[in-house]
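Quick note: the sequence shown, position 90, residue 90 per UniProt numbering, numbers continuous.
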Amino acid sequence: MKQLTKAEEEIMQILWKLKETNVAGIIEDMPEPKPAYNTVSTIVRILESKGFVDHRQKGKGYIYFPVLEKETYSNQSINQLMNNYFNGSFKSMVSFFMKKNDLSTQELETILKEIDKEEEK
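Now the structure itself:
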């Protein structure tokens, strides 16, 4: 799966949130300063060519919607992060984030309980 640029990911976050919208709707949801319509339209077409987004015609315009679920992309991104920076070790990655984010024992226990719940499924 291809990685997204920061700009592409920002637009995907909006599409995942809104489910479907036109380019104007994407721009409306973006923070100030708003990018130009043509800029967003170009990025959406790139996302389409990468297979992340599709469209359907509505009148003279298009409604865009995500093809890839946010969870699927998130899982792939986390796995790539783990493989590229932590030699594929989940333990090393968690340890790194624990140290950098100064997690309390209680927060760590909560995380471990969530992991146990997922493993039971």
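The C-beta atom is built at its ideal place from N, Cα and C for all residues, glycine as well.
Asked: Span of the beta strand (DSSP E) holding Gln57?; Found: 53-58
Asked: Considering just the uninterrupted stretch of the alpha helix (DSSP H) at Phe97, what are its terminal residues?; Found: 90-101
Asked: Since Thr21 sits in a beta bridge, which residues does DSSP pair it with?; Found: Tyr64
Asked: So, using beta-carbon positions, are Lys34 and Ile27 closer together than 8 Å?; Found: yes
Asked: Tell me the rounded alpha-carbon separation between Asn87 and Met30.; Found: 36 Å
Asked: So, helix, strand or coil for Ser77, using DSSP?; Found: helix
Asked: Given Phe90, which residues of its chain have a CB within under 8 Å of its CB, disregarding the five upstream and five downstream residues?; Found: Met82
Asked: Less than 7 Å between C-beta atoms, sequence neighbours within five positions excluded: which residues of the same chain meet that for Tyr37?; Found: Val23, Ile27
Asked: Under a Cβ-count criterion, where at least 16 other Cβ atoms within 10 Å of its own Cβ denotes burial, should Tyr64 be classed as buried or exposed?; Found: buried
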